[in-house]
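Shown next, in structure tokens, is the structure this report addresses.
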Amino acid sequence: MSKEGLESLFPMEDISVMGMWELLPHLNKFRVRLKETIEGAILFRPHVVVTVDSKGFSFRLLKQLRARYGWQESNGPLHFHYVAPSFWAWKGGEARLKGLANFVDHILCILPNEEAVCKLNGLDATFVGHPVLEDIVEFNLGKQASPHDLKIEGNSEDFRRKYALSPGAAVISLLPGSRLQEVIRMLSIFSRAFDQLKDSIPELITVIHVASNQHVENYIDGVIHKWPVPAILIPGGHQHLKYDAFSASTIALCTSGTVAMELQLARLPCVVAYRAHILTEWYIQYKAKIPYISLPNILTDSAIIPEALFQACTPTNLASLLM
């Protein structure tokens, strides 16, 4: 969107918080940003409002905008929301879809099963595909293979040459997340896991993929000197370099997210890890109706990717899974 000329009212990382209890310290900032966005939208007088993911923020925005314009006002803007809420993951999730029709005119779905369920619950919807598949377009692979055979191959030799890695170097890609709160929590666990691995794996190198988030970049820059093994930092937004790093790696360790799909496209084995606030973990375990959190496992309904979640996400367990 930035490439198309979007000028954001504020840095997106200001509202990039996930979890229930994790959100509490940021509530005041959220209220300020929500008010700022509503006022900006009213001033701009759009014909269409498109919100992207972040359903807690986005749905409050759309609901308040609809109230401002009035339910019956025919010249009010159409409301589109990109990325359907994960109704399939939660007990009672489908029932909550019905209320969205009051302030969402159309849902753009990224998973094939979502469109029909949205329509059954009174929401106009269109399946548009998962955004990670844009990587295939960038690498010009769309016409070269059937969907089941698609694979993004980076250049391992170029990557090793660029960073002067020896032929015997064992490279593990590390993707700690895109939100500051999860990076702070997960990076300390990952660091202790690599501390356990360094004596078992000669010439161990970590490639840390840093999200395009200024807060995350600053945090990692500030703690990387304590990392137990040599590390290479890959900045966000460099797609070819990212897939070159994947190609040079033997395995990846990642915080759950879209990146698990990218690793599948690269055919790189990975381990998915996740920890949250203890109360958020309890809520997820109580409300979730599926046993997985990574999308490849959810789509196949099987544990094709090892997941170390919540209390099982320990340095010792991660080190064992990466061996």
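Take the sequence shown: its position 172, counting from 1, is numbered 174 in our numbering, and each next residue is one higher. Here a beta-carbon is modelled for each residue, glycine too, at the ideal position from N, C-alpha and C.
- Between the beta-carbon of residue 211 and that of residue 244 there is about 6 angstroms, and that keeps the pair under the 8 angstroms contact cut.
- For residue 272, the enclosing beta strand (DSSP E) has its first and last residue at 272 to 276.
- DSSP, reduced to helix, strand and coil, places residue 103 within a helical segment of the structure shown.
- Rounded to whole angstroms, the Cβ separation of residue 289 and residue 57 is 15 angstroms, and the two are not in contact under 8 angstroms.
- Note that the C-beta distance between residue 273 and residue 177 is not below 8 angstroms.
- The beta carbon of residue 197 is closer than 6 angstroms to those of 230 in its chain, skipping five residues each way along the sequence.
- For residue 172, the three-state secondary structure derived from DSSP is strand.
- Counting only runs of 4 or more residues that sit fully inside the region 169 to 243, the alpha helix (DSSP H) segments are 182 to 199 and 216 to 225, in chain order.
- Counting along the chain, residue 255 sits inside the beta strand (DSSP E) bounded by residues 253 to 257.
- Distance from the Cα of residue 307 is smallest, within the candidate group 313, 315, 314 and 298, for 298.
- Remark: fewer than three beta-carbon pairs, one from each stretch, lie closer than 8 angstroms, so the region 168 to 182 and the region 278 to 296 are not flagged as touching.
- Ranked by Cα distance from residue 117, the options 138, 104, 90 and 136 are led by 90.
- When the Cα atoms are used, residue 223 and residue 241 turn out to be separated by approximately 21 angstroms.
- The secondary-structure analysis by DSSP pairs residue 109 across a beta bridge with 83 and 127.
- Under the DSSP assignment, residue 134 falls outside any beta strand (DSSP E); it carries neither an H nor an E label.
- Here the alpha carbons of residue 122 and residue 128 stand approximately 13 angstroms from one another.
- The shortest CA-to-CA distance from residue 311 to any of 323, 35, 301 and 302 is the one to 323.
- Looking at the DSSP output, residue 53 bridges to 83.
- Distance check between residue 161 and each of 36, 236 and 276 places 236 closest, using alpha-carbon atoms only.
- Assigned with DSSP and collapsed to three states, residue 6 falls in coil, not helix or strand.
- Distances from the CA of residue 275 to each of 199, 184 and 234 were compared; the closest alpha carbon is that of 184.
- Distance from residue 50 to residue 80 at the Cβ level is roughly 5 angstroms; contact confirmed, criterion being Cβ atoms closer than 8 angstroms.
- Looking only at 188, 6, 317 and 33, the smallest Cα-Cα distance to residue 258 is reached by 188.
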